[in-house]
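Which chain is which? The protein sequence lines are A and B, in order.
If you count the first sequence from 1, position 542 lands on 556 in the working numbering, and the numbers rise without skipping.
If you count the second sequence from 1, position 513 lands on 533 in the working numbering, and the numbers rise without skipping.
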Amino acid sequence: MDIIRKLLGHLGEYKKPALIAPLCTLVAVGMEVLIPYVMAMLIDQGISKLDMGKVWLFGGIMLACAVIALVIDSASAVFGSRASTGLASNLRDALFEKVQTYSFSNIDKFSTAGLVTRMTTDVTNVQNAFNMSLIIATRAPISLVASLVMSVIISPQLSGIFLVAMVVLSVALIVIMLKAMPLFGQVFQRYDALNSSVQENVTAIRVVKAFVREDHEQQKFTNAANEVHDLFVKAEGLIAWNNPVMGIAIYGCIIALSWFGTHSILAGDITTGQLTSLLGYVFNVLISLMMLTMIFVMVSMSAASGKRIVEVLDEEPDIVSPENALMEVPDGSIDFDAVDFSYRSGEGEETLTGIDLHIGSGETIGILGGTGSGKSTLVSLISRLYDVDAGAVRVGGNDVRSYDTEVLRDSVAVVLQQNTLFSGSILDNLRWGKADATLEECKAACAAACADEFIDRMPDGYDTQIEQGGTNVSGGQRQRLCIARALLKRPRVLILDDSTSAVDTATDASIQRAFAEQIPDTTKIVISQRVSSFGSCDRILVLDAGRVAAFASEHELLATCDIYRDVYETQNKAGAEADFDSLEGIAYDPISQRFDPAFEDELPFEVDPAVVAELARKAGE
Amino acid sequence: MSSMSEKKQDQGNTLKSVGAIFSFMFKRYKGLFVLVIVGILLSSWAMVQSTLFTRKLIDEYIVPMVAQAQSGANPDFGPLAAAITRLALVAVVGVSSMFMYNRLMVTISQGTLRDLRVEVFGHMESLPIKYFDTHAHGDIMSIYTNDIDTLRQLISQTIPNFINSCTTIVMVFISMVALSIPLTGVTLVMVAVMLLASGRIGAAAGKHFGDQQQTLGAVNGFIEETISGEKVVKVFCHEERSIDDFHKINHALRDSATRANTLAGILMPVVFAIGEISYVLCAIVGSYLAVSSGIISLGTLVSFLSLNQSFTEPITRISQQLSAITQAGAGASRVLALLAEESEKDEGYVELVNVREEGDQIAESDQRTGHWAWKHPHKDAGTVTYMPLMGELVMDGVDFGYVPEKQILHDIRLFALPGQKIAFVGATGAGKTTITNLINRFYDIDDGKIRYDGINITKIRKPELRRSLGMVLQDPHLFTGTVMENIRYGRLDATDEECIEAAKLVSAHDFIKRLPDGYDTEITGDGGNLSAGQRQLLTIARAAVADPPALILDEATSSIDTRTEQLVQAGMDALMRGRTTFVIAHRLSTVRDSDCIMVMEQGRIIERGTHDELLAAHGKYYELYTGNQIEAE
């Protein structure tokens with residue numbers, strides 16, 4: 015009930031149609047229920063008495079009822095759909111706005127896919143259930159009650175038959191539903207499992223074929239399909255009782271009415287016409303009852319969707335700007351004071367433990383560490399994407415929690431590991447960094463990020479459209495665009511979280527050079543798996559299992575830090591950097607003097623023309 | 021005009037597809053389906069009988085009994101009791117046949133769906149890799165998740181409802197004609213009006229639903245994109261602008277959804293009200309006939325009015341079912357399209373068998389002996405020869421293209437002695453992966469020959485060929501199940517000990533032991549609970565337990581941290597020892613240890629030799645090798 019109240023709270027400007035729709039239904043049902051009653055009068059006063067005047071009169075009344083019902087019922091559909099689509103639209107707005115206030119940990123809690131489903135499928139489910147409820151959920155009970163009232167008016171004794179039939183039917187339907195619902199729950203679980211096994215086979219078909227496991231997979235699938243089948247048969251076998259039970263109720267009513275009705279007529283309690291209207295009401299009553307159970311099932315199915323929506327709306331964003339927030343970040347110094355952090359604060363393993371760091375404004379810092387050592391976590395604390403469990407993170411000398419989050423994040427630019435471009439032109443994407451950036455500013459940022467050369471080669475240059483998910487640029491191109499986008503912010507602190515992994519080493523180095531020349535005062539933090547990316551770093555932080563293993567210059571680290579020395583030596587052995595996928599020259603066609611575009615699409619990164627020229631020169635020697 | 025005829029053709033295809041699914045069902049459940057039809061006929065018959073009973077009740081019992089009562093006699097309830105008993109018997113027949121066909125339909129529809137699923141899946145497994153490479157995985161999945169689901173609706177509800185509606189219409193129509201021809205005329209006119217109105221509204225609603233679907237797609241796309249990139253949105257404080265953009269398209273969706281749903285919502289009340297009007301008109305016309313000429317009795321009129329209601333109801337139901345059939349038809353045709361795809365052909369006849377040595381002869385064995393041989397039957401001579409499996413592989417003048425217009429590989433020649441390690445290097449797209457796809461016949465070559473131990477691989481039965489070639493792919497795919505089951509995937513009859521042994525061999529044992537449930541740890545969602553390196557180690561262990569004489573390895577390029585990478589490397593090295601190996605190399609140590617390195621460029625082998633030879637040759641390999649070194653400084 016709480017869920018329904020909360021969802022309906024978002025009706026907003028659609029309250030009016032949401033109220034009018036059932037009111038219209040009320041009137042329309044009234045008209046429809048009147049028809050059999052008037053019919054009885056037509057039979058008794060018109061046909062039986064051979065009075066044609068009465069026939070016209072009552073016939074006219076019935077026709078009027080039908081036409082009024084048509085108009086009003088249509089109106090109720092108009093208002094009902096306006097209200098339900100309006101509710102859906104408001105819910106989507108509310109959800110979207112709410113998610114925009116979320117912190118990273120709020121998002122992590124629901125997962126991206128979870129949030130998308132809630133905003134799409136779940137909202138649609140609620141919309142349909144609400145529309146149904148507005149129209150049928152009012153129609154069915156109203157029609158039920160009205161028919162009952164009319165039949166009581168005609169004959170209190172005979173309407174007892176309806177009551178008995180209703181009780182029998184509803185008990186039977188409820189029992190069937192209660193037994194079937196959990197079975198359906200199980201069915202859909204198995205069904206999901208079945209589909210995920212198909213998914214597995216589709217993505218891993220090479221493995222299946224390479225190991226000649228087609229028969230094995232077929233056997234597995236057949237077993238799963240049999241399980242789904244057996245459960246489905248069980249559940250639907252129960253549902254198969256619905257129609258016969260309904261049939262029993264209808265036949266029972268007809269038989270009982272025929273017998274007792276005839277008695278009543280002979281006793282003079284009712285007329286023949288009234289008996290025919292009672293027979294007419296049998297269908298009204300029982301079908302309304304059937305519809306009610308259907309609504310019940312539908313609403314309880316969409317209740318899950320409603321619950322999932324309310325969860326998102328009820329979630330409190332756990333990072334908000336404080337009152338009297340600081341509105342300026344004075345410089346790019348960063349301090350970690352005894353910081354502890356875990357993703358599920360309080361529970362679970364700590365991701366970072368006892369971090370103490372002091373970085374001066376304008377320093378260039380490298381961070382190295384294995385998977386899960388906490389590199390990305392550490393930098394996301396700087397722009398307050400997560401809050402620390404203990405200790406404090408300070409930027410420009412002030413605790414990050416004292417800044418307005420927007421001010422802080424504008425000053426601390428992060429190029430995330432999972433870098434995303436959005437559909438729109440390249441220029442649109444760059445202007446995420448600075449909304450009013452001129453073309454010249456954008457070009458300068460791209461030049462620093464070594465993105466200018468490939469943009470210039472694109473047919474539409476800076477107006478080239480990026481497709482959804484950035485699928486039409488290569489990994490290396492995407493990384494460089496993301497760096498340019500961050501540079502446009504002119505941040506105090508620039509963080510690159512493994513953002514040049516798909517860029518070749520030469521380009522990587524020239525990006526770093528550009529940083530040193532163009533933004534000397536900005537504090538730069540570079541996370542990388544390659545020691546070659548740390549060439550221009552003043553100091554390098556080595557993280558191991560969430561703790562600082564070492565923090566010193568490369569020179570000192572080589573002397574004192576085993577982890578760093580290991581990595582350095584493995585990577586700096588002769589040719590260790592020779593990633594044979596980066597042999598760009600190979601996709602280069604010396605005859606046409608250009609890259610085969612078919613191959614270029616597949617390259618994991620964009621090819622640096624300088625390298626090409628060098629290769630071409632060498633090839634010519 | 022052309023779009024009209026296209027539409028017609030579409031409808032024709034839809035019906036054909038639905039028909040094909042129907043005959044798939046009918047073939048399996050002919051007997052039961054006949055019973056279902058009998059059940060439907062009986063239950064509609066009972067329904068019509070109960071409606072007609074009203075006429076009997078009024079004309080033959082109530083009116084005479086009222087007359088009896090008025091003439092002072094005691095009315096005789098005997099005949100009425102008998103008639104009601106007969107009605108009760110009809111009701112019993114009706115209800116039990118109704119239950120029978122509903123229950124049988126569950127058996128039929130679920131059985132059909134299971135058979136269909138199994139058939140579709142089995143056929144999918146038999147399709148060549150090309151099918152999976154040329155169809156979006158999402159589209160293939162949607163056949164299972166959407167299309168077969170709509171068929172569930174079609175088979176379990178639409179088809180029986182349709183038959184039921186049709187028989188009801190026929191029976192009611194016959195009864196109506198028998199009762200009164202003029203009233204039947206009135207009813208038919210109103211049905212025509214109803215069909216016209218619902219057709220018009222339905223068509224308009226359909227158009228708007230198309231619009232709604234489009235805007236819904238746009239909204240879903242925007243949500244998907246923004247939420248997936250939500251962290252970027254936060255980092256750039258872009259929330260306000262995203263909300264503004266969202267409002268715009270969300271409101272467009274609301275407007276188109278309102279238009280579509282309004283029309284669809286009106287449809288029901290309109291149809292319903294026209295039904296009511298039809299009822300009222302029949303009542304008026306019937307009363308007029310009864311009063312003015314008396315050609316219709318009161319009982320007939322009342323019965324006819326019930327029939328009128330029973331007539332319009334199945335007609336509206338059929339119109340709803342028609343749209344369900346159209347939807348299901350689209351799904352059915354996609355299912356049929358998959359079933360119509362050609363399976364992988366296998367014309368090979370050379371088998372791989374276990375053998376044991378008996379003196380200097382080799383004899384076939386049922387047991388796993390660790391020794392393998394090619395069993396080569398010679399049709400002409402009627403003899404069988406056994407050749408020991410060595411792992412020698414020769415490619416001679418191989419040309420290949422995925423599509424005829426674009427040749428990818430040109431004149432590939434290479435020679436691998438048993439136990440040798442051949443490395444391929446070159447940029448993505450140079451054709452390295454393509455070569456490995458040819459060796460195990462994921463694709464067939466256009467020209468040239470590939471020989472395995474001297475046998476043309478097209479003569480070897482595909483399953484046997486693939487069983488003799490282990491494969492470790494770049495993307496480590498795992499299956500739902502325990503770690504142990506995933507390792508055992510390599511050889512289904514491997515014991516636990518053998519699996520653990522394989523894991524130890526490729527240095528996966530240590531991390532598996534540290535998992536919460538060790539070898540019994542459940543792997544879910546393609547190994548999402550493991551790191552990339554750990555997944556890679558499991559796939560190597562899986563290949564190790566298969567213990568194949570030859571191997572195809574695609575080294576991972578994904579950035580795994582240095583320590584895990586060393587483990588993976590060690591695992592790969594252990595696996596390669598003593599086996600003929602084709603490796604798509606990304607790491608220097610792999611390349612250096614190879615017996616021969618093939619440098620590939622644009623589908624050709626441009627240089628070959630050992631690491632030292634290639635360096636000494638000062639060719640492309642040298643350039644690139646040293647060139648990178650310079651960059652690294």
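Cβ atoms here follow ideal geometry from the backbone N, Cα and C, with glycine treated the same way.
- Taking a contact to require three or more Cβ pairs closer than 8 Å, the region 516–533 of chain B and the region 237–256 of chain A do not qualify as touching.
- Of A/Ser515, A/Asp512, A/Thr536 and A/Arg492, the smallest CA-CA separation from arginine 504 of chain A is found for A/Thr536.
- Between the region 287–303 of chain B and the region 203–220 of chain B, the count of Cβ pairs shorter than 8 Å is three or higher; the stretches touch.
- DSSP, reduced to helix, strand and coil, places aspartate 558 of chain A within a strand of the structure shown.
- Cβ-Cβ distances below 7 Å link tyrosine 582 of chain A to Val545 and Leu572 in the same chain, with the five nearest sequence neighbours on each side left out; the list follows chain order.
- Closer than 8 Å to the CB of glutamate 371 of chain B there is not a single CB belonging to chain A.
- The DSSP-derived three-state label of proline 569 of chain B is coil.
- Fewer than three beta-carbon pairs drawn from the region 164–182 of chain B and the region 190–199 of chain B are found closer than 8 Å, and the two stretches are therefore not classed as touching.
- The region 274–294 of chain A makes no contact with the region 141–161 of chain B, as fewer than three CB pairs between them are under 8 Å.
- Interface annotation, leucine 318 of chain B: in contact with chain A, CB-CB separation under 8 Å.
- For serine 614 of chain B, the closest C-alpha among the options B/Ile626, B/Gln622 and B/Met592 is that of B/Met592.
- Below the 7 Å Cβ cutoff, chain A contributes no neighbours of threonine 405 of chain B, its closest Cβ being approximately 24 Å away.
- Interface with chain B (8 Å Cβ-Cβ cutoff): lysine 223 of chain A is included.
- With a threshold of 8 Å between beta carbons, alanine 303 of chain B makes contact with chain A.
- Glutamate 377 of chain B carries a strand assignment under DSSP once its states are collapsed to helix, strand and coil.
- According to DSSP, tyrosine 641 of chain B shares a beta bridge with no other residue.
- The CB of isoleucine 82 of chain B comes closer than 7 Å to the CB of Thr276, Ile279 and Thr286 in chain A, given here in chain order.
- The alpha carbon of alanine 66 of chain B has as its nearest neighbour, out of A/Pro258, A/Asp470 and A/Gly128, the alpha carbon of A/Pro258.
- For glutamate 467 of chain A, no beta strand (DSSP E) run applies; the uninterrupted alpha helix (DSSP H) run containing it begins and ends at 466–471, by DSSP.
- Within the model, the alpha-carbon separation for glutamate 228 of chain A versus glycine 230 of chain B is close to 40 Å.
- Here isoleucine 396 of chain A is buried. Its C-beta has 16 or more other C-beta atoms within 10 Å.
- For glutamine 130 of chain B, the neighbours in chain A by C-beta distance under 8 Å run, in chain order, His243, Phe246, Val247 and Glu250.
- Contacts with chain A at 8 Å (Cβ-Cβ) include arginine 487 of chain B.
- In the DSSP annotation of this structure, the continuous segment of the alpha helix (DSSP H) that includes phenylalanine 266 of chain B starts and ends at 259–312.
- Taking a C-beta distance under 8 Å as the contact criterion, aspartate 401 of chain A and leucine 340 of chain A do not qualify as a contact pair.
- Across the set B/Tyr509, B/Leu493 and B/Gly306, the C-alpha of B/Gly306 shows the shortest separation from the C-alpha of serine 323 of chain B.
- The continuous alpha helix (DSSP H) containing arginine 153 of chain A extends over residues 152–168.
- For glycine 230 of chain B, the uninterrupted alpha helix (DSSP H) segment begins and ends at 201–248.
- Note on the region 92–173 of chain B: whole alpha helix (DSSP H) runs with a minimum of 4 residues are 98–146, 149–154, 157–162 and 168–173, in chain order.
- Boundaries cannot be given for aspartate 283 of chain A, as no beta strand (DSSP E) includes it and DSSP labels it neither H nor E.
- Taking each of B/Ser37, B/Met491, B/Ser129 and B/Ile625 in turn and checking the Cα distance to alanine 450 of chain B, the smallest one comes out for B/Ile625.
- Residue-level contact by beta carbon holds for lysine 251 of chain B and chain A, with a gap shorter than 8 Å.
- From the beta-carbon of histidine 157 of chain B, the residues of chain A found nearer than 7 Å are Val216 and Thr217.
- For methionine 618 of chain B, the beta-bridge partners assigned by DSSP are B/Phe444 and B/Arg628.
- The Cβ-Cβ distance between leucine 25 of chain A and alanine 35 of chain A does not fall below 8 Å.
- Against proline 289 of chain B, the close residues of chain A are Ala42, Ala83, Leu84, Asp87, Ser88, Ser90 and Ala91, in the order they occur along the chain (beta-carbon pairs closer than 8 Å).
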